[in-house]
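Which chain is which? The protein sequence lines are S and C, in order.
Using our numbering, you'd call the opening residue of the first sequence number 685 and step up by one each time.
Using our numbering, you'd call the opening residue of the second sequence number 334 and step up by one each time.
Idealized CB from N, CA, C, for every residue including glycine.
Remarks on the structure that follows.
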Amino acid sequence: MSYELRDHTADVGVEATGATLGEVFAATADGLAGAMCEDVPETGERFDVTVRAESKEALLFDYLDELIYQRDVRAVLPVENEVEVREEAEDDENDQSAWALEGSARGVPLAEITAREIKAVTYSEMALEKADSGWRAYVVFDV
Amino acid sequence: MDTYEAGDVTLQKVREYVWEIPREGGMNTPARVLASERLLDEISEDKTLEQLKNSTHLPGVTKYAICMPDGHQGYGFPVGGVAGIDTEDGCISPGAVGYDINCGVRMMRTNLSYDDVRGQEEELVESLFANVPSGLGGGGVVESDLATVDAILDRGMEWALEEGYAVPEDLAHCEDEGVRHDSDPSKVSQKAKDRGKNQIGSLGSGNHFLEVQRVTDTYLDDVAEAYGLEEDQIVVLIHCGSRGLGHQVCTDYLRKIEKAHGGLLSKLPDKELAAAPAGSHLAEDYYDAMCAAINFAWVNRQLVMHRTRKVFERVFDDDWESMGMDLLYDVAHNIAKKEMHTIDGEEKELYVHRKGATRAFPAGHPEVPGTYLDVGQPIIIPGSMGAGSYVLRGGEASMDLTFGSTAHGAGRVMSRTQAKKDYWGGDVQDELAQQHIYVKAQSGATVAEEAPGVYKDVDEVVRVSDALGIGDKVARTFPVCNIKG
Chain S
685 MSYELRDHTA DVGVEATGAT LGEVFAATAD GLAGAMCEDV PETGERFDVT VRAESKEALL
745 FDYLDELIYQ RDVRAVLPVE NEVEVREEAE DDENDQSAWA LEGSARGVPL AEITAREIKA
805 VTYSEMALEK ADSGWRAYVV FDV
Chain C
334 MDTYEAGDVT LQKVREYVWE IPREGGMNTP ARVLASERLL DEISEDKTLE QLKNSTHLPG
394 VTKYAICMPD GHQGYGFPVG GVAGIDTEDG CISPGAVGYD INCGVRMMRT NLSYDDVRGQ
454 EEELVESLFA NVPSGLGGGG VVESDLATVD AILDRGMEWA LEEGYAVPED LAHCEDEGVR
514 HDSDPSKVSQ KAKDRGKNQI GSLGSGNHFL EVQRVTDTYL DDVAEAYGLE EDQIVVLIHC
574 GSRGLGHQVC TDYLRKIEKA HGGLLSKLPD KELAAAPAGS HLAEDYYDAM CAAINFAWVN
634 RQLVMHRTRK VFERVFDDDW ESMGMDLLYD VAHNIAKKEM HTIDGEEKEL YVHRKGATRA
694 FPAGHPEVPG TYLDVGQPII IPGSMGAGSY VLRGGEASMD LTFGSTAHGA GRVMSRTQAK
754 KDYWGGDVQD ELAQQHIYVK AQSGATVAEE APGVYKDVDE VVRVSDALGI GDKVARTFPV
814 CNIKG
């Protein structure tokens, strides 16, 4: 799994790849952290993240939004993201939560780093698709 | 030249600085770009025109969607985009307002001259940087609880007045007198309030900043006098928005609308344009929540201004009233407002979406505050750190051409990733210091990303606004000290 920051006139794009959906989600989240801070120390406690949504794309959007929310309320930068994604059983009648994610991140205290703010995740130009070796994601973040 | 070819888009010249993209495919109306050919060369380099065309797919767009002279690619709707959308059979789109609801600019006057400040710039910049919260996790001017957040969302600058952070003149000199009574705090999620409660009175980062400036030129003497501006005078410009609270409001409603109005969404070319049909519950709820976030942003800028007054008191050993530190005006540049406009001779209520565009009402418009009614609404156009900024006034042509709007800044031309390859923060700071501009930032990368060279030529943006008569040049300012996140 890996990510690259991509050019965007005003904002920042993250292009990520991973062997599984979980890996590509985690790589995108690492890209979000990379867009905020280049120099991250080995500090901070891990915390868990749980998200449910109606589609894979919505799950990716809500997951990245959750990390931005946790950043603001915990005052930490979520790094070293780990994610497992699963599709819920067909008998789940509530279509709003057909996809689920359990993950964790190491929360580096913002007080210990110099970081820039990413305001939000966007759907603009979002891609989440099968690639040769697994999955590819492209997400634009509002700076 | 009667047409301009930009890849597969052909723009037709309507008249000087007005270009039209004819209606085609799923476009409900034509689209217009207000620019010189020089600015059009820059505007056509990224996805701005495609995003502008996409925005005309929204139901109820009236006349045409418009890109301002400083326009550039954003997400969904371009930055520098204006659309007047029918409140009866149209829609409202959170993505066409932007995440940073009521991101905006205010300018505070002083009666200090540049000579009064010279020699003390470093002390001033250090003190501002130490006292005005900025960057990520930098806290706010006030630590608050949820009850305070609710009061701010409900009453905007009236809350600041009650709490002693504002004087009545501050409210009189703010768009809508600093409060949107349509707000409903109960339509703002707990998550949004949790994000906002520790950020009240903070700049954030990115392109947000606080800048001490000197007025270098005035152009329309009677208007400059009405605005209280004269050459060599020191003014302060504050650029920030509704912080995490506003970002979360936009995110929350984008997702709610996606779930509830998938039918409309499936007809739009970009998912980020997701819109709630006029009259739907979500259209009403989003409007009320957005108005609450607008109130939050006004209080945010007010608290930063309040803190700035205190810093000036300490550095110059005088009280702020004696230094004439009065609010000139506060403008929003990411907003949707219900406004009355004349369309084909008929009065219509529109949701005027301005994303990276500033309201520019002319003299005599009933929504211009009394003090400025005879000269027109002040418009503040921040430029980059090295180029300075402008004060304009709402022009006579704005109601007809742009739903009463003009540009909001210089507009970016270079990506942040490229900027960091081309510039190093320390070099940029040194070069600015040679021009007697003192910059202090949380992050060197922010300085590089916001280097003067990543922006369009603000002089050209303002020249076009002035020539079109949508925003007339009143004064130009040049930076003295700048702090950013």
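- Contact between C/Arg726 and C/Val569 fails: their C-beta atoms lie close to 20 Å from each other, not under 8 Å.
- Residues Pro602, Asp603 of the same chain have their beta carbon placed closer than 6 Å to that of C/Asn387, with the five preceding and five following residues left out of the count.
- Around C/Arg749, the same chain offers Glu782 as residues with beta carbons nearer than 6 Å, after the five sequence neighbours per side are excluded.
- DSSP places C/Asp799 in the uninterrupted alpha helix (DSSP H) bounded by 791-801.
- Among the residues of chain S, those whose CB is under 9 Å from the CB of C/Gln775 are Thr798, Ala799, Arg800, following chain order.
- From the beta-carbon of C/Gln581, the residues of chain S found nearer than 9 Å are Asp749, Ile752, Tyr753, Asp756, Ala804.
- No Cβ of chain S is located within less than 7 Å of the beta carbon of C/His666.
- S/Trp783 is bridged by DSSP to S/Ala737, S/Glu771.
- Around the CB of S/Gly697, 16 or more other CB atoms lie within 10 Å, so the residue is classed as buried.
- Between C/Ala607 and C/Leu615, the gap from beta carbon to beta carbon reaches 7 Å or more.
- The C-alpha of C/Val708 is placed about 7 Å away from the C-alpha of C/Pro695.
- In the three-state DSSP reduction, S/Ala694 falls in the coil class, being neither helix nor strand.
- Residue-level contact check: C/Leu543 does not touch chain S, since none of the beta carbons of chain S fall below 7 Å from its beta carbon.
- At least 7 Å separates the CB of S/Asp714 from every CB of chain C.
- Residue environment for C/Asp585: buried (at least 16 other C-beta atoms within 10 angstroms of its C-beta).
- Between C/Val475 and C/Gly534, the C-beta spacing is below 7 Å.
- Annotated three-state conformation of C/Thr750 is helix, per DSSP.
- The beta-carbon distance between S/Ala694 and S/Thr712, rounded to whole angstroms, is 20 Å. This is too long to meet the 8 Å contact definition.
- If you draw a 10 Å sphere on the C-beta of C/Leu479, you find fewer than 16 other C-beta atoms in it, and that means exposed.
- In terms of Cβ geometry, C/Pro501 and C/Ala740 do not form a close pair [threshold 7 Å].
- Bridge partners of C/Ala720 according to DSSP: none are assigned.
- Interface annotation for the segment 390-417 of chain C against chain S: His405, Gln406, Gly407, Tyr408, Gly409, Val412, criterion Cβ-Cβ distance under 8 Å.
- For C/Thr704, the secondary structure class from DSSP, reduced to helix, strand or coil, is helix.
- At a Cβ-Cβ threshold of 7 Å, C/Ala626 and C/Gly579 count as neighbours.
- Distances from the CA of C/Gly574 to each of C/Arg692, C/Asp379, C/Gly428, C/Trp631 were compared; the closest alpha carbon is that of C/Trp631.
- In this model, C/Arg356 and C/Val465 are separated by some 48 Å (Cα to Cα).
- Below the 7 Å Cβ cutoff, chain C contributes no neighbours of S/Thr727, its closest Cβ being approximately 14 Å away.
- Straight through space, the alpha carbons of C/Lys600 and S/Ala773 are spaced by roughly 30 Å.
- Assignment of S/Gln754 by DSSP, reduced to helix, strand and coil, places it in the helix class.
- Separation of C/Glu617 and S/Val724 (C-alpha to C-alpha, rounded to the nearest whole angstrom) is 43 Å.
- With fewer than 16 other Cβ atoms inside 10 Å of its own Cβ, C/Ile676 counts as exposed.
- Spatial neighbours of C/Asp335 in its own chain (CB-CB distance under 8 Å, excluding positions within 5 residues in sequence) are listed in chain order as Gln345, Lys346.
- The C-alpha of C/Glu679 is placed about 56 Å away from the C-alpha of S/Val763.
- Contact between C/Gln566 and C/Pro812 fails: their C-beta atoms lie close to 14 Å from each other, not under 8 Å.
- A distance below 6 Å between beta-carbons, with the five flanking residues on each side excluded, links S/Glu768 to the following residues of its chain, in chain order: Gly706, Glu786.
- With a threshold of 16 other beta carbon atoms within 10 Å, C/Lys806 meets it and is buried.
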